[in-house]
Each structure stands twice: as structure tokens, then as C-alpha cells.
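K.L.:
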Amino acid sequence: MHSLMDMDNATLGFLRSPFSIDIPHAFVYNDTQNTRPIFCGPYMETVKLFAQVYHYQLQLDELESLPKKSLVEQKISDGNYNLSLHGVLVRSEMEERLPNETEHSYPLELMRNCVMVPLAPELPKWMYVVWPLGRYIWTSLVLGIFYIAFLMRWIHWREKSLATKSITQNMLYAMAFLMYSPNMNMNLKLSRPSVRVLIFYTLLYTLGFILSNYHISHMTAFDMKPVFVRPINSWSDLISSRLRIIIPETLLEELRWLPDYQKLMANPSRSYAYVVTQDAWEFFNRQQRVLIQPYFHLSNVCFGGLFNALPMTKNASFGKTLNRFVLNIWQAGLWDYWQEVAFLYSVKAGYARIFLDTYPVEPLNLEFFNTAWLVLIVGLPVSSIVYCLEYFWYRRRMQMLQYDYNSFG
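Counting with our numbering, you get residues 51 to 459 for the letters of the sequence shown.
(1) Taking Cβ to Cβ, would you say Leu-169 is nearer than 8 Å to Pro-344?
(2) Below 8 Å between beta carbons: does that hold for Asp-72 and Leu-99?
(3) Would you mind working out which of Leu-261, Leu-160 and Ser-434 sits nearest Asp-329, comparing C-alpha positions?
(4) Would His-75 be called buried (16 or more neighbouring beta carbons within 10 Å of its own) or exposed?
(5) Which value, in whole angstroms, describes the spacing of the CA atoms of Trp-423 and Leu-384?
(6) Entirely within the segment 77 to 145 and at least 3 residues each: give me those beta strand (DSSP E) ranges in chain order.
(7) Helix, strand or coil, according to DSSP, for Arg-306 in the structure here?
(8) With a 10 Å radius around its C-beta and 16 neighbouring C-beta atoms as the bar for buried, classify Arg-66 as buried or exposed.
(9) If you count every other CB in all the chains shown that lies within 10 Å of the CB of Arg-320, and 16 or more means buried, which is it?
(10) Inspect the beta-carbon positions of Ala-323 and Met-166 and report whether they are closer than 8 Å.
(11) Using the three-state DSSP reduction, which class does Pro-344 fall into: helix, strand or coil?
(12) Identify the continuous alpha helix (DSSP H) that holds Ala-330 and give its terminal residues.
(13) Could you spell out where the beta strand (DSSP E) holding Leu-65 opens and where it closes?
(14) For Gly-355, which of helix, strand or coil comes out of DSSP?
(15) Suppose you measure from the CA of Val-122 to the CA of Tyr-186; what does that come to, to the nearest Å?
(16) With DSSP collapsed to three states, give me the class of Asn-365.
(17) The ligand NAP and Ser-396: does any heavy atom of the ligand fall closer than 7 Å to the residue's C-beta?
(18) Mind checking Pro-87: buried by the 16 CB within 10 Å criterion, or exposed?
(19) Would you check if the segment 347 to 356 and the segment 281 to 291 touch, i.e. whether three or more CB-CB distances between them fall below 8 Å?
(20) State the Cα-Cα distance for the pair Met-234 and Gln-452, rounded to the nearest angstrom.
(21) Take Tyr-106 as the anchor and find which of Ala-402, Leu-372 and Val-376 has the nearest alpha-carbon.
(22) Let me check understanding here. Comparing Cα to Cα, which of Ile-297, Phe-353 and Leu-406 lies closest to Gln-337?
(23) Considering Cα atoms alone, identify which of Arg-447, Leu-253 and Phe-368 is closest to Gly-194.
(24) What's the gap between the Cα of Met-94 and the Cα of His-136?
(25) My assumption, with CB atoms under 8 Å, is that Phe-64 sits in contact with Gln-109. Please give the rounded CB distance.
(26) Alpha carbon to alpha carbon, how far is Gly-400 from Lys-370? Give it in angstroms, no decimals.
(27) Classify Gly-91 as buried or exposed, calling it buried when 16 or more other Cβ atoms lie within 10 Å of its own Cβ.
(28) Starting from the Cα of Arg-294, find the closest Cα among Val-78, Val-325 and Thr-152 and give me that residue.
(29) Who are Val-245's beta bridge partners in DSSP?
(30) Tyr-322 bridges to which residues according to DSSP?
(31) What does the alpha-carbon distance come out to for the pair Asp-386 and Arg-374?
(32) Take Val-97 and list the residues in its own chain whose beta-carbon comes closer than 6 Å to its own, dropping the five residues that flank it on each side.
(33) Just the Cα atoms here: how many angstroms apart are Thr-85 and Ile-126?
(34) What is the C-beta distance between Ala-359 and Leu-158, in whole angstroms, given that I count them as a contact (C-beta under 8 Å)?
(35) May I ask which residues mark the beginning and end of the alpha helix (DSSP H) holding Glu-390?
(36) Determine the closest residue to Tyr-41 out of Phe-357, Phe-89 and Asn-420, with distance taken between C-alpha atoms.
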């Protein structure tokens, strides 16, 4: 089936190209208000505007599916077409041989194939308390309890009070300091404190100030937006996740240049990842940009880095003009504009849709404080047991002292 697009004052010749639905590069939108179909997509717009500006007549050969690169170039060599608006990946002359009758235009864009992976679910609520500080800061806090307890024993060694002579008691004071709790029961009078005491408590105040602001700022940010598990972002992460990767048929030829990628599919799992080009990812990401929790994440697992260009007849009369035209549309920003327009028309045509957010938004209730309830439920029995053990140990110690006093008294 042939679709002919007549341009006004078409006097310079014909542009014959295959055409197939290729979202988001080239497709047709049939509007009920317009009698003629609307041809959309940056690749289609480039060739269509070029034909309009330079007075060519564009003829499209409609195909059911996008032809392979070798078949398109062969038909251009045979004279069936003199241009392909869909574009092909361009390799160096050392990696592939082009037919003698075929050449490429100025590159349209850089095409890198990357793995689009599904995002993991949200972190559990109890992790919101642990996550802001990280493992290194939490380790420093735990070790800081023992360190501060030792310093308190050392800096107050001249004090007559026994408030800081016990290491275990100093550990309680250290935990109270780090938790910003006042030590009202500390039987210690600091009249005319020494320089080392002033330095110690100044540094302790600075530490508490930094930790409190760091933790509060992160907690506030996490309360404003959910935190998700770190996504897959490297080859090692992808291999360990054992994800099954869906590869388009058009990329199988390209994947032969990456033998390590074949090992990745040896042990697939139930979830799926997708190999997409960067422009396809930008098109998909427009559909999920309003979501609180996006469906997919574009990882750094990429390969290729080849240019996409329009194949055409070698030494074509319109070749140099087309190269300058492609460069001009990029400099003018038309390419980005056509991508946005193509997305809007694809939504209207049903090829794409804006994903509605299904993230649960719940009202604030007592379940929000589950972590606090858990601490109370677990902490009260544990503290009661510790209190009972301390009480019985104290009673036993007093009984032993009374026995020794009576024995030697």
C-alpha cells in the first residue's frame, strides 16, 4: 500500500522511503477533525519538513513491520527507495561493509542500548529511622558511647565525687549525652572546670548539633517522599539479581558484539528487565514522570554507543542539503520539540498513556507510630527484666556486706 504526500511546488524530484509504525520515531495519528492523517515523530517530521522546504515529493511505502537494516539498504541499492526515514545504526567501515550504492546522512542522534529495570518496593517504615545516618555513622555512635565513657572517667579524675569513676555508669551518661537527654542525676559539680573539661563538652555539643541536624533534615526529606531500595545500576547488580531480560528482535544483531551479555540470561527470574534505547526510555519515562514510585529505572548497564542516520542512495542529489538540514534542526531545537509533540499525539492515538499514581496515600493514624509502639512493647519488658536483675544483685551484695560486717564485727 502506497501513501503519497504531495508537497506544494514539488519540482526537484521524489523521495521514496519505506514507512512502518515506529513509536516514537514515526507513526500516523488519525484525527476525527482532520480529513488527512497527521504524520508524527521526529524522524518523520525531519523528512517531511525537508521535502516541504526543498520542494520534493515524498512517497511512502507502507509496510506492516519495520524492515531490517540489511534489507532496507539492499532495496536502496536496487533502486526501490532512495531514502529511509526510519534510520539505521551506523558502524565504522572496519566493522561492516556497506553496499556500493548506499551511504548515510549526518547522524540524527546517538543510540545507546541500556537495560531498563523495574524498581524495588518502598523501604519498610522502621528503616526510615535507621536509613538517614547510614552504617558508618551508626557504628561511630555505638563506639562513641564507650569512647565518651572513657573520656569522662579521664577528664574528671581529680573530682572528689564518684559520679564518673564507674565505667558502666559513664556509659549510661554517654548514651544520655548522645541522645540529648539531660543528666539531672549526675552528682558532679563543675566549679572552675579545667580547660580539658571545657574542650570535651564543647566537642560533645558540636557532635550533638551536627547529628541532630543531619538526622532531622534527612527524616524530613524522607517524610516528604518515599524511599525505595537501591535500584539495579551495574553489571554485577544485574547478574546477582538474576533478572530475565526481554530483548527486541532488532537488537539481536547488535548483542552479538557483547558476549558477556549472553551470560546474563543464563539464570532468569520471574521479573523482567528490558533492553531499550535512550530515546525509547525518554518516551517511556514521560509516561511515568508523575508517579511517586516510578515503575522502571534506567540503569547504567549500557552498550553500543552507535549513531543513527538516514540511509540513502550514494551521491544522491539531495545528500549534502539533507546533511545541512539535519544539523540545522538540531541547532534550532526542533528535534526536542518534535519529541514532545510526538508524545502528545501518541497519547491521543492510544500508543501511550500517562500512568496514574496508585501509590497508597493514607491518613495519619496510630499505625504511623508502629515503630514507637514496637520500641515500647519490646523495651518495657527488657528494661523490667534488667531492673529486676539489678535489684536482686544489689540485695545480694548488701546481704554479703552485712554478713561480712556481722562476722568480723
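Cβ atoms here follow ideal geometry from the backbone N, Cα and C, with glycine treated the same way.
P.N.:
Considering the structure as presented:
(1) yes
(2) no
(3) Leu-160
(4) buried
(5) 57 Å
(6) 77 to 79, 88 to 90, 107 to 112 and 138 to 140
(7) For Arg-306, the predicted structure reports a pLDDT of 45, less than 50, and the residue's modelled location is therefore unreliable. A value from the coordinates is still provided. DSSP places Arg-306 in coil when its eight states are reduced to three.
(8) buried
(9) Low local confidence applies: a pLDDT of 39 at Arg-320 is under 50, so the model's placement there is unreliable, with the coordinate-based value given in what follows. Exposed: under 16 other Cβ atoms inside 10 Å.
(10) yes
(11) coil
(12) 328 to 337
(13) 64 to 69
(14) strand
(15) 57 Å
(16) coil
(17) Among the ligands in the structure shown, none appear at all, so the ligand NAP cannot be discussed.
(18) exposed
(19) yes
(20) Caution is warranted here: a pLDDT of 46 is assigned to Met-234, below 50, making its placement in the model unreliable, and no coordinate value can be reported.
(21) Leu-372
(22) Leu-406
(23) Leu-253
(24) 8 Å
(25) 6 Å
(26) 37 Å
(27) buried
(28) Val-325
(29) Answer is none; Val-245 lacks a bridge partner.
(30) Arg-294
(31) 18 Å
(32) Leu-135
(33) 32 Å
(34) 6 Å
(35) 384 to 399
(36) With the chain running from 51 to 459 in the structure shown, residue 41 is simply not present.
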